[in-house]
Amino acid sequence: MGYIEPAPIKDKENPFESMMSRFKIAAQHLGLNEETYNVLKSPDKQVIINIPITMDDGSIRVFEAYRVIHNNVLGPSKGGVRFDPNVNLDEVKALAAWMTWKCAVVDIPFGGAKGGICCNPRQMSSGEIERLTRAYTTSLFEVFGPDTDIPAPDMGTGQREMAWMMDQYSRNSGMTVNGVVTGKPGVLGGSAGRVEATGRGVMIAALSALEKLKINPYNSTVAVQGFGNVGSHAALLLEERGSKVVAISDISGAYYNKDGINIQQAVAYRLDNHGMLEGFAGAEKMDVADDLLTLPVDVLVPAAMEDVITMRNAEKIKAKLIVEGANGPTSARADDIISEKGIVVVPDILANAGGVTVSYFEWVQNRIGYKWTRERVNRRSDRIMRSAFENVYKTSIKYNVTMRIAAYIVAIDRVAKAYSYRGGF
Ligand code: GLU
Numbered sequence: 012m013g014y015i016e017p018a019p020i021k022d023k024e025n026p027f028e029s030m031m032s033r034f035k036i037a038a039q040h041l042g043l044n045e046e047t048y049n050v051l052k053s054p055d056k057q058v059i060i061n062i063p064i065t066m067d068d069g070s071i072r073v074f075e076a077y078r079v080i081h082n083n084v085l086g087p088s089k090g091g092v093r094f095d096p097n098v099n100l101d102e103v104k105a106l107a108a109w110m111t112w113k114c115a116v117v118d119i120p121f122g123g124a125k126g127g128i129c130c131n132p133r134q135m136s137s138g139e140i141e142r143l144t145r146a147y148t149t150s151l152f153e154v155f156g157p158d159t160d161i162p163a164p165d166m167g168t169g170q171r172e173m174a175w176m177m178d179q180y181s182r183n184s185g186m187t188v189n190g191v192v193t194g195k196p197g198v199l200g201g202s203a204g205r206v207e208a209t210g211r212g213v214m215i216a217a218l219s220a221l222e223k224l225k226i227n228p229y230n231s232t233v234a235v236q237g238f239g240n241v242g243s244h245a246a247l248l249l250e251e252r253g254s255k256v257v258a259i260s261d262i263s264g265a266y267y268n269k270d271g272i273n274i275q276q277a278v279a280y281r282l283d284n285h286g287m288l289e290g291f292a293g294a295e296k297m298d299v300a301d302d303l304l305t306l307p308v309d310v311l312v313p314a315a316m317e318d319v320i321t322m323r324n325a326e327k328i329k330a331k332l333i334v335e336g337a338n339g340p341t342s343a344r345a346d347d348i349i350s351e352k353g354i355v356v357v358p359d360i361l362a363n364a365g366g367v368t369v370s371y372f373e374w375v376q377n378r379i380g381y382k383w384t385r386e387r388v389n390r391r392s393d394r395i396m397r398s399a400f401e402n403v404y405k406t407s408i409k410y411n412v413t414m415r416i417a418a419y420i421v422a423i424d425r426v427a428k429a430y431s432y433r434g435g436f
């Protein structure tokens, strides 16, 4: 019998400390009282479970899984569930806190949570993933609920897993409860526009920032790291708005074309090619994939994972604007270097909030039992993204801070206000 070693944790900054260092700076600017600071610095609840699953070969494997509720003062906690071999408690804690700030930045009535299962879905069959997803949902039956804690897709999960979660929760409840999960397939109460929502929000954030920088999108060049749900939709929509996307990447490598990559073709190729860009003829494969991050482009969209812009490469970044499609792509230690270089960063908790915004619309539609058109969803989410951007931009000028710290200031201020009204400690 062989047992599976946990995957090694990548050489990176502790994501929770990274989150906390920004939180501290913003809290100081705001003059946040110590009581609220102490409440917000640790998550409300952290659940760790071990899930035994029968694998297709008959063996039984135990998977470690988490759900962290950071805060729910603004409403039920909200946040995705990540299936990834590197998932660990510190990461999930940081991601849960980021959800609190993200929902508060765009002013939607949700708190923050995040879940994760330490597994490699690429090496599992669909049956194994289904059993794991259902067991996870049943273990967390007391935590999840449309009025308490609402999961959604994240890295390694999508509509398929959300359908299983919704079904399993509904079976356990003895009735169909579609508002317990967002990011579901349309027939199960999923919202029009949810799949592309995060990428769409990234596009709106990028265009808003380009306008401030007085760069015409039609003359702008873009590099997108990560060609999953967020990166591919951001690239498609930016291309549609006139930008030239010169580089894209996925786990197979980075691809460059100085004349612009035809993103529609890249998306179609990837679909036909088992979800991989390897062999894509519309661009040249770069020798070193990480060099995508240091290309001389106007806009860099890191849309893959945490800690890709770090002390190692921050000095070499040449983009004028970074729009964070991923959660936590810039390490806290790299923040200062980036801002000293005059690079504008639209931070993750603002730039990628389009996803949770449309999740909120999905939940609203489920509660009223009615479906909105794609036009209505897009119009409303674009409006939320634009006004959140303006608010953060103005705050950055008022406090003379980066947009990242400004976004934390906006978020923490809303959460702190909610505490001041609710009180009850
Ligand atoms: N996982 C996404 C995020 O990090 C979406 C969360 C949600 O829709 O609840 O923002």
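Residue numbers for the sequence shown follow this note's numbering, so the first one is 12 and each next one is one higher. Every residue, glycine too, gets a C-beta built ideally from N, C-alpha and C. In this text the structure is predicted, and so the values were computed from the model without any measurement.
Item	Value
So is R385 buried or exposed if we call it buried at 16+ other beta carbons inside 10 Å?	exposed
Looking at G194 and the ligand GLU, is the gap between the Cβ and the nearest heavy atom below 7 Å?	yes
From D309 to R390, what does the alpha carbon distance come to, in whole angstroms?	27 Å
Classify R378 as buried or exposed, calling it buried when 16 or more other Cβ atoms lie within 10 Å of its own Cβ.	exposed
My output table needs one value for C114: the three-state DSSP class, helix, strand or coil.	helix
Mind checking if S219 is an interface residue toward chain B, Cβ cutoff 8 Å exclusive?	No chain B appears in this structure, which consists of one protein chain only.
Is there at least one non-hydrogen atom of the ligand GLU closer than 7 Å to the beta-carbon of N338?	yes
With a CB to CB cut of under 7 Å and the five nearest residues on each side skipped, what residues in its chain are close to L224?	K331, L332 and V355
So, with DSSP's three-state summary, where would you put Y14?	Confidence is the limiting factor: at Y14 the pLDDT is only 40, short of 50, which leaves the residue's position unreliable and the question unanswerable from this model.
Can you name the start and end residues of the beta strand (DSSP E) that T65 belongs to?	K56 to T65
By Cβ distance, which residues of its chain are closer than 8 Å to I416, with the 5 residues on each side in sequence left out?	R33, I36, A37, H40, S407 and Y410
Who are D232's beta bridge partners in DSSP?	Checking the sequence, you will find Thr at residue 232 rather than Asp. Paired residue(s): K255.
Pull up the distance between the alpha-carbon of G242 and that of N273, whole angstroms please.	14 Å
Distance, Cα to Cα, G253 vs L311?	16 Å
With respect to 7 Å, is the separation between the Cβ of G90 and the closest non-hydrogen atom of the ligand GLU below this value?	yes
Just the C-alpha distance for V278 and T111, rounded to the nearest angstrom, thanks.	32 Å
Just to confirm the assignment, what range does the beta strand (DSSP E) spanning H285 have?	Per DSSP, H285 belongs to no beta strand (DSSP E) and is neither H nor E.
Using 8 Å as the threshold, is the segment 143 to 153 in touch with the segment 62 to 81, meaning 3 or more CB pairs across them?	yes
Any idea if E172 is buried or exposed, counting beta-carbon neighbours within 10 angstroms, 16 or more meaning buried?	buried
Counting only the same chain and skipping the five closest in sequence on each side, list residues whose C-beta sits under 8 Å from that of S136.	D67
Would you report the Cα separation of T159 and N82, rounded to the nearest angstrom?	11 Å
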